[in-house]
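Beneath this line is the structure, given in C-alpha cells, with notes to follow.
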Amino acid sequence: AYQWAKEALGEDGLERLIKYDRVAIPAIVQYKWVEARCGKLSRLAPLLFPPVSEEEETARFAVLHERWAQPLFDIFMELGGFYYKSGQKIAANTSGVMPKLYIDLFQPFL
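Under this note's numbering, the first residue of the sequence shown carries the number 9, and numbering increases by one thereafter.
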C-alpha cells in the first residue's frame, strides 16, 4: 500500500499526507468518541454510558477544542496549499459549525 501511495501521490505528497494524518486522525478519533459517548452510546447502553447534560457535553468538547486547535493550526500552516485553503474555510466559518476557538485561532489564514 505504501508503494502504491508513493507512486500515486509522489513522495512529497505522501509525506505531507502522513504529517497531516499524524495530527488529524487522533483528533478525529477523540472528537468522534466524545460525540458517540454523549449521544448514541448513552442511548444504547445507558448503564455503561450514563447520559450527560448538554452542559457536560459542551464542556467535553471544549477540552478537545483546547487540545487540538493549535496542533491543527500548526500543521495547516506548515503544509500550506490545500491545507491553507482549508484553514481559510475554518476561519471564515461559512458552514456555521466551527467552534469560536478555531475561528479565532485560524484568522491568520484570511
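Even glycine gets a Cβ: it sits at the ideal position worked out from N, Cα and C. The structure displayed is predicted, hence computed values, not measured ones.
In whole angstroms, what is the alpha-carbon distance linking residue i and residue j?
i, j, result
"E93", "Q38", "Per the sequence shown, the amino acid found at residue 93 is Lys instead of Glu. Cα to Cα, the separation comes out at about 24 Å."
"L87", "E19", "14 Å"
"M106", "I98", "7 Å"
"A109", "L72", "Checking the sequence, you will find Leu at residue 109 rather than Ala. Rounded to whole angstroms, L109 to L72 spans 11 Å at the Cα level."
"E65", "I26", "31 Å"
Would you check if the distance between the CB atom of residue i and the CB atom of residue j is smaller than 7 Å?
i, j, result
"L22", "A35", "no"
"A77", "L113", "yes"
"I111", "V31", "no"
"F57", "R68", "no"
By a C-beta neighbour count over all protein chains shown, 10 Å radius and 16 as the cutoff for buried, is residue i buried or exposed?
i, result
"W41", "exposed"
Query raised in the report: Which runs of the alpha helix (DSSP H), 4 residues or longer, sit entirely within the segment 26-102?
Result: With a minimum length of 4 residues, the continuous alpha helix (DSSP H) runs that stay inside the segment 26-102 are 48-52, 62-87, 90-100.
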